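What follows is one structure encoded as structure tokens, with my remarks underneath.
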Amino acid sequence: NQLNFRQIMNFERGNLSNDQLLDLYKKIIKPRLIEEKMLILIRQGKVSKWFSGIGQEAIAVGVTAALHRDEYILPMHRNLGVFTSREIPLYRLFSQWQGKANGFTKGRDRSFHFGTQEYNIVGMISHLGPQLGVADGIALANKLSESGKVTAVFTGEGATSEGDFHEALNIASVWDLPVLFIIENNGYGLSTPTNEQYRCENLADKGVGYGMEPHIIDGNNIVEVYNKISAITESMRTNPRPVLIEFKTFRMRGHEEASGTKYVPQELMDMWAVKDPVENFKKYLFSENILTEQTDAMWHSEIKKEIDDNLLIANNEAAIEASLSEELNDVYKPFNFVETKPSEAVENIRFIDAITAGLRQSMQKYEKSVIMGQDIAEYGGAFKITDGFVAEFGKGRVRNTPICESAVVSTAMGLSIAGYKAIVEMQFADFVSSGFNPIVNYLAKNHYRWNEKADVVVRMPCGGGTQAGPFHSQTNEAWFTKTPGLKVVYPAFPYDAKGLLNAAIEDPNPVMFFEHKQLYRSIKQDVPTDYYTLPLGKAAVLRAGSDVTVISFGAAVHWAIETLDKIGNISADLIDLRSLQPLDTEAIYASVKKTGKVIILQEDSMFGGIASDLSALIMENCFKQLDAPVKRVASLDSPIPFTKALEDQYLPKSRFEEELKNLLAY
């Protein structure tokens, strides 16, 4: 009865008109009716998987209604109301769930794992946490462009235990980013109750530790959700800052339908059942004579017909047929590279100066570009590569970051989504392990999953030879050459470093750009003074010969040169790969077929290094032309040590000469 619902939920309409209240009601019943249809289809075996948001609709609908249409939302599984409130045609949603072409991922990802620029929605990934940092990046772009827009990102109470949650909140707070962080606290992370997930009374309290404004809102009261979020976001648009919202709600179905709810006490289910956000809002509208039975029945009938009609469209759509070329072509965003030729004016500069020049000229070329990293602003970075950049480009575009590599990479992805180019400096390549997840699971897969570029360059100061020990000396390119969707560049000379870095920044795909620390101040070369680019995926043949092919990259190229010069009288093709992904197999095969012998020198340890794949490729494609087994020379299969004697033993430089002589004598 009416007294019961008023005791359960207090609807304070404020300044909302009858039409606004009816609009909210129509918006909230749509996802509920779709969900009810999905549950029927699951029982009929026509849908394989479903993550139900029944009982939580008020949050997704209320938040989306409060935001402007051009403001980005980053939802999760139980936020169907975001998609319906943004008025995505239902047949497209149904096609997405069925893995058909009218969906958003060409059958490559499921359920709500998609985004769409058309509707300013950025979908989730199963790792949950990284999307919080992506919201930071979008909000940073809004702040830099002074657009006055807010970004809303959803997460559950379970994901608040992830490091990405804390990293993203910290960045947003330090940078005063207009991000609305939304926690849907629905009681369970799959089957784990909240008392086994955290000890604080309210998750909103975590915002206080980051100097962030927290709010707790009844997530089942759509009027409260809409009014409070409207007021908060309006304030955020004029006073940009992050806000943390904890919505108290409950998940009335299983984590997914197959999970069931046997682990939930029945009294808890009963308690929340009477707090149903749809039924209580309907009773309120009836009690205030705002909604009539006739109108309610009419809307239910119209929406059910819309659901059935759109299901028919999706059901009649042909299943996707596998296309090998399309699958491979969509791994990277197509990029029509046009090489910019250098002028004749040159200066003799070090490797590190070439990196600085490339960064400076690229940032001059692309006003919507941002570089981020630890200590890169006034201090100029650990290696002083960005010294003076703040004075030229300002702190808005040259940003010191907290020590939180994962959220910084995710922020770079958000900048890309919002139309910026992002450059991230890992202080040392070793530290990328703390940002590994968003690189290999977000940057690398985004274009393939939902046709969204990842215009991000991650700079990787790497390598040994400086007695820096196990945590500052790794050359870890093989971690990334394995991951489809990433490009991996590794220059050995100043000329190449500048031209390839410029090209990497031009390229809208994610690029891991390796810079060997030992080369920074030890190698000099004449380098064009103005802006120029070199194509990624094109090796350099440094020497031509007929006896043997030597393949290398990075600092090892210089070891190969020293060895060849020391021995003398060797007619060798020396190939500097420069780019490891894409790989110039044409140049490799042509050389090997000419010489019949090949030795590959890499600084990384042997097992699982790129030399292994190169060897396999050569054996498969040049076997008949080989006069000897392919030889690999690499560092020891151990962590890289600190003391010089141990590091010298670890690195392959001292072993290369003997192995080369043995190969020539084979």
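For the numbering used here, add 27 to where a residue sits in the sequence shown, where the first one is 1. C-beta atoms are modelled at their ideal positions from N, C-alpha and C, and glycine is treated no differently. Because the structure is a prediction, the values reported are computed rather than measured.
For residue i: DSSP bridge partner residues
i, result
"serine 262", "Note: serine 262 sits in no beta bridge, so no partner."
"glycine 216", "Thr219"
"asparagine 427", "Gly400"
"alanine 179", "Ile100 and Leu207"
"cysteine 489", "His543"
"threonine 576", "Asp600 and Val625"
"alanine 449", "Val397 and Val483"
"lysine 514", "Val538"
Proximity of residue i and residue j at Cβ, strictly below 9 Å
i, j, result
"glutamate 294", "isoleucine 210", "no"
"methionine 487", "tyrosine 469", "no"
"phenylalanine 364", "threonine 560", "yes"
"methionine 239", "leucine 271", "yes"
"valine 109", "isoleucine 55", "no"
"leucine 217", "histidine 154", "no"
"leucine 51", "phenylalanine 313", "no"
"phenylalanine 416", "phenylalanine 455", "no"
"phenylalanine 410", "tyrosine 547", "yes"
"methionine 151", "histidine 95", "no"
"leucine 107", "phenylalanine 139", "yes"
"methionine 399", "arginine 426", "yes"
"isoleucine 602", "alanine 614", "yes"
"glycine 156", "asparagine 464", "yes"
"alanine 587", "leucine 628", "yes"
"valine 660", "arginine 605", "no"
"arginine 476", "arginine 135", "yes"
"leucine 663", "isoleucine 578", "no"
"serine 437", "glycine 160", "yes"
"glutamate 674", "glycine 421", "no"
Residue i in three-state terms, based on DSSP
i, result
"proline 555", "strand"
"asparagine 28", "Any reading at asparagine 28 must be qualified, since the residue scores a pLDDT of 41, below 50, and its modelled position is unreliable; the value itself is stated next. Coil."
"glutamine 608", "strand"
"proline 465", "helix"
"serine 172", "coil"
"proline 241", "strand"
"arginine 570", "strand"
"aspartate 675", "helix"
"arginine 630", "The displayed chain sequence assigns glutamate, not arginine, to residue 630. In this structure, glutamate 630 counts as strand in the three-state DSSP scheme."
"aspartate 534", "coil"
"methionine 36", "coil"
"tryptophan 202", "coil"
"glutamate 589", "helix"
"serine 350", "coil"
"leucine 196", "helix"
"serine 44", "coil"
"lysine 565", "coil"
"alanine 614", "helix"
"valine 74", "coil"
"glutamate 228", "coil"
"proline 497", "coil"
"alanine 692", "coil"
Any C-beta of chain C under 9 Å from that of residue i
i, result
"tyrosine 290", "This model lacks chain C altogether, as it is built from one protein chain only."
Task: the segment 377–394 in contact with the segment 520–530 per 3-pair CB rule at 8 Å - done: yes
TODO: Spell out a yes or no on whether the segment 154–169 and the segment 177–186 are touching, meaning 3 or more CB-CB pairs, one atom from each, closer than 8 Å.
DONE: yes
Open item on the list: Counting beta carbon pairs with one atom in the segment 535–551 and one in the segment 503–515, are three or more of them shorter than 8 Å?
Closed with: yes
Task: Those runs of the alpha helix (DSSP H) which lie wholly inside the segment 635–666 and span at least 4 residues - done: 637–649
- [ ] Mind listing, in chain order, the continuous alpha helix (DSSP H) runs of no fewer than 4 residues lying wholly within the segment 82–165?
- [x] 84–93, 107–112 and 117–124
Task: Three-pair Cβ contact test at 8 Å for the segment 249–260 versus the segment 75–88 - done: yes
Task: the segment 666–673 / the segment 564–583 touching (three or more Cβ pairs under 8 Å) - done: no
TODO: Run through the segment 352–387 for me and flag every whole alpha helix (DSSP H) of 4 or more residues, listed as ranges in chain order.
DONE: none
Task: contact_flag[the segment 190–197, the segment 423–431] where n(CB pairs < 8 Å) is 3 or more - done: yes
TODO: Taking only runs that begin and end inside the segment 247–296, name each unbroken alpha helix (DSSP H) of 4 or more residues, in chain order.
DONE: 249–265
TODO: Answer yes if the segment 627–642 comes into contact with the segment 456–473, meaning at least three C-beta pairs across the two stretches below 8 Å, and no otherwise.
DONE: no
TODO: Inspect the CB distances between the segment 106–126 and the segment 336–344 and report whether three or more fall short of 8 Å.
DONE: yes
TODO: Specify whether the segment 513–522 and the segment 649–659 touch according to this definition: at least 3 beta carbon pairs, one from each stretch, less than 8 Å apart.
DONE: no
TODO: Run through the segment 288–346 for me and flag every whole alpha helix (DSSP H) of 4 or more residues, listed as ranges in chain order.
DONE: 293–300, 304–314 and 320–343
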